[in-house]
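K.L.:
Structure provided below as structure tokens; questions to follow.
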Amino acid sequence: MKLAPVLATALALSLLVNLVLWARVTREAKTSAALATAGRAGEGQAGRAAGAAVVESTTAAGAAGAKRGVVWHRPKTAEEWRALAEDLRAAGFPPQTIRSLIFGAAYEEALAAGRLGKLPFWHQSYDAKPAREEQAELTRLMTATEEAAFGKRDRVPMNPIHRAARYGSLSDEKIATLEKIEQDYGEVYWSQRRDGEGGDALETFEGRARIRLLEEEKERDLAAVLTPEEFEDYERRGSRAARPVLNGVRDIEVTEEEYMALYQMQRNYLASIPRTEGAAELAPYLHDNAAPAEEVRKILTDDRFYSYMEKSDPLYARVAQFSQKRPAITREQTYQLYQLQSAAMLAVAQTAASGRASDPANTPEGRAALAPFAAKLEALLGPELAAAYRRTPQGKLFGSPGRP
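Numbering-wise, the numbering used here puts 365 at position 209 of the sequence shown, and it's gapless, one number per residue.
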């Protein structure tokens, strides 16, 4: 079943937090640190070397290395990258500084040689296919440079806080294997998200089924690397079931028991999504697979519920954005508006014929399905606020009372 363009707004945020993008952000964070460490004393190689010497003079080892000096050069081959790392090590620079210098140089060179910065601005969005392809290539180049300079088993030391939060007590070898699996599947995922006509695969039942099979295959590969206990711990820290929960709780305080209850609820919800086309299969995707709000409310019984919904469900976030600019709308009214929006979107989606590309909201069946919702909107918000809501992207779905 093809979703209408107006319904596709609910899919604006990805079903999965693309882990390829996570790897890119991690790399860029390391690169930012590298550029800050290397300094901007000059545009050439001498400027970067001088910046590194100044920064490292703050430690005994760094000062010793700076005094002995090292001849900076721009490596071109794997052997030259390895030799540069050895030269810096022999000069007494700390290991993390060596990595920062090399990553900074490698990243600048890769950006200069690649197409990422040369793409037109409309392709610079992380969700644009050309940008994703270039970002994936940049990740591969940086990984190759890392292995050339330090060896496959001597990876960049991860921030210990991030490592513990994401991987618990897993070994370096298992972490490296998991990262490779996530990266490989991430690249396939984004290639599958776009259909042959450039549309979003999540807008069709066939596309959603294909993505779901891919996700399940990835989970089986991850489970094969870990013990059952390790896999369960890894899943609760960053799986597709955990990600909406992690988003939802990031600005509120929850107990471990509440987190685990939210996670288990989300996990059960994903497992319960039907595999046959219909409203029950479609509904989760209108909310980016966030668990039903009423289930969340049984766990978070106070005002934390509203914050959780805003961070975990993109449709709720869009509705809340409208309400936040209008203090007369209470949090509970925002929630009721979200429920009304959800019901309207599902009602019109159910009228779409399989494979039909037209907007179902503009068909006789769609208009008939939406007719009752205009009056409900005015009853909830009043005429003035209802008119303002109809001017929002999602609110356009509601017609005026008596004129569906």
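We put the beta carbon where it would ideally sit given N, CA and C, even for glycine.
1) Which stretch, first to last residue, makes up the alpha helix (DSSP H) that contains E338?
2) How is the alpha helix (DSSP H) around T299 delimited, first residue to last?
3) Would you say the segment 444-454 touches the segment 415-431, given that touching needs at least three Cβ pairs under 8 Å?
4) Do you know how far the Cα of E242 is from the Cα of E466?
5) Considering only the beta carbon of each residue, do L240 and P231 sit closer than 8 Å?
6) Counting C-beta neighbours from all protein chains within 10 Å, is the total for K374 16 or more, i.e. buried, or is it exposed?
7) Since L493 contacts L536 with CB under 8 Å, what's their CB separation in whole angstroms?
8) Give me the DSSP bridge partner(s) of D458.
9) Drop a sphere of 10 angstroms on the beta-carbon of A476, count the other beta-carbons inside from all chains shown, and report buried for 16 or more, exposed for fewer.
10) Any idea which residues DSSP pairs D356 with across the strands?
11) Quick check: the segment 313-326 against the segment 261-281, are at least 3 beta-carbon pairs closer than 8 Å?
12) Helix, strand or coil: which one does DSSP assign to L240?
13) Quick one: what's got a C-beta closer than 8 Å to W237's C-beta in the same chain, skipping five residues either side?
14) How long is the line joining the alpha carbons of T548 and R474, rounded to whole angstroms?
15) Among L326, G355, N445, which has the Cα closest to the Cα of L378?
16) Using three-state DSSP, classify R406 as helix, strand or coil.
17) Tell me where the alpha helix (DSSP H) around R423 begins and ends.
18) Can at least three beta-carbon pairs, one atom from the segment 430-448 and one from the segment 478-492, be found at a separation below 8 Å?
19) Say whether the segment 385-393 touches the segment 363-374, bearing in mind that this needs 3 or more beta-carbon pairs closer than 8 Å, one atom from each stretch.
20) Determine the contact status of L526 and A500, defining contact as a CB-CB distance below 8 Å.
P.N.:
With the structure as the only source:
1) 328-349
2) 285-306
3) Touching, per the Cβ criterion.
4) 50 Å
5) Here L240 is near P231, since their CB atoms are less than 8 Å apart.
6) Buried, because 16 or more other Cβ atoms sit within 10 Å of the Cβ of K374.
7) 6 Å
8) D458 pairs with nothing; no bridge assigned.
9) buried
10) R350
11) Output reads no: the segment 313-326 does not touch the segment 261-281.
12) helix
13) For W237, where only same-chain residues beyond five positions count, the Cβ hits under 8 Å are P231, I258, A262, T301, A304, A305.
14) 9 Å
15) L326
16) The answer is coil: DSSP assigns R406 none of H, G, I, E or B.
17) 412-428
18) no
19) The answer is no - the segment 363-374 does not touch the segment 385-393, with fewer than three Cβ pairs under 8 Å.
20) yes
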